[in-house]
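Colleague:
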Amino acid sequence: MKLAVIGSYGHVGEVLGGLEGLEDVELAAAARWGPEDPVAFVGRSAPAELPVFDDYRRMLDKVAPDIAAVFMPFHRLAEASMAAVEHGCHVFSEKPLATTLEDLGRLRELAGRAGVEVVACLAMRGSPACLTIRRAVREGRIGRPIHAVAQKSYPFASRDEFYKHRRTYGGTIPWVAIHALDYIKFCMDQDYRRVAAIASNQAHPTHPGMEDQGGLIAELSGGGVAVVNFDYLRPWGSCRRPWGDNRLRIAGTEGILETKDCGRAVELMTPESTEMLPLEPERNLFADFVGALSGRGEGLITSEESFRITEVVLKAREAQDRGQFVEL
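Going by the working numbering, the letters in the sequence shown line up with residues 5 to 332, in that order.
1) For proline 149, which option in Thr306, Pro51 and Ile254 has the closest C-alpha, if you only look at C-alpha atoms?
2) Under 8 Å, with one C-beta from each stretch per pair, do the segment 220-231 and the segment 176-196 reach the 3-pair mark?
3) Glutamine 1: buried (16+ other C-beta within 10 angstroms of its C-beta) or exposed?
4) Using the rule of at least 16 other Cβ atoms within 10 Å of the residue's Cβ for burial, across every protein chain shown, is proline 39 buried or exposed?
5) Starting from alanine 152, trace the beta strand (DSSP E) both ways and give me its first and last residue.
6) Helix, strand or coil: which one does DSSP assign to isoleucine 177?
7) Glycine 248: which of Phe234, Ser310, Glu24 and Leu105 sits nearest, CA to CA?
8) Just to confirm, is the Cβ distance from phenylalanine 45 to serine 12 under 8 Å?
9) Take valine 270 as the anchor and find which of His183, Asn205 and Ala133 has the nearest alpha-carbon.
10) Can you give me the C-alpha to C-alpha distance between glutamate 262 and lysine 66, rounded to a whole angstrom?
11) Spatial neighbours of isoleucine 260 within its chain, please: CB distance less than 6 Å, with the 5 preceding and 5 following residues excluded, ordered by chain position.
12) For a minimum of 3 consecutive residues, which ranges assigned as the beta strand (DSSP E) are wholly contained in the segment 251-282?
13) Where do the ends of the alpha helix (DSSP H) carrying alanine 115 lie?
14) Tell me the rounded alpha-carbon separation between valine 153 and arginine 251.
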């Protein structure tokens, strides 16, 4: 299968890392998302002689890839994914799949008509901590899971120009909180019924369209509650620490599972004991996606799951804007 990469923004490393063990995928070309896109992976994680196009539509016409990896600034993700789908490509996209419900609906319709897969790069599904918690929940180690609390905390550091405006950024719920809402759903095997959210910019006036802190509460399909807090307030400077502080705690009728040490360990508490669980091996989301396309098992995320979680976060953003619960 031929792979083409559109843009180099965000988590394109998930694709490049997954390629290393894939013998049935050839990286055929890349395209810049704009004049300022350095496509820095060419000559590092990809051959220096890799063809690089300035126009991704021309690349799609000329290369005719089987898979398009789309890593554009967020407001342009749906645009490029729709073009790839119209060329018959399966799509592995940075999240969110779209920044508006209208674009999401159009992309879903086009993908269904073309018979191709479109998945979001929600790579935390493949983390050892999430896979370990998911396994423990499915094994019944905490009984029936009924309550979840998750955190996504990052430094502001330096953020691109397009983060300054809601129209181009899309919102912190679709960009950051989506991970937490997705790994809660993934680990608990539950969907969401309704959501409310509060978020605002309190500390970064240079980027008024970017919420730098917030929280949301969602009713789970099983009747319980999920709470997510998210921020860009993690200190960053001469003191070196992990880039993100991602947490998950799931409480059930018979125990509690909780990540420790910025997600590098998982603790299980039951009436009988407290123990640190052996971690599952990490899985690469892109490699699993290709494996599923090739018939080598199930991927970590499906097209339907990708469309659904994007719908959830866009409606959660709507709940934030309206100041009330929104049905999901």
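Don't be surprised by glycine CBs; every beta carbon is placed ideally from N, CA and C.
Modeller: Taking the geometry as given:
1) Closest in alpha carbon position to proline 149, among Thr306, Pro51 and Ile254, is Ile254.
2) yes
3) An answer regarding residue 1 cannot be provided, because it is not within the stretch 5 to 332 covered by the chain.
4) exposed
5) 149-157
6) helix
7) Phe234
8) Against a cut-off of 8 Å, the Cβ pair of serine 12 and phenylalanine 45 comes out as a contact.
9) Closest by alpha carbon: Ala133.
10) 49 Å
11) Met273
12) 260-264, 269-273 and 278-280
13) Counting along the chain, alanine 115 sits inside the alpha helix (DSSP H) bounded by residues 105-118.
14) Distance between the alpha carbons of valine 153 and arginine 251 is about 8 Å.
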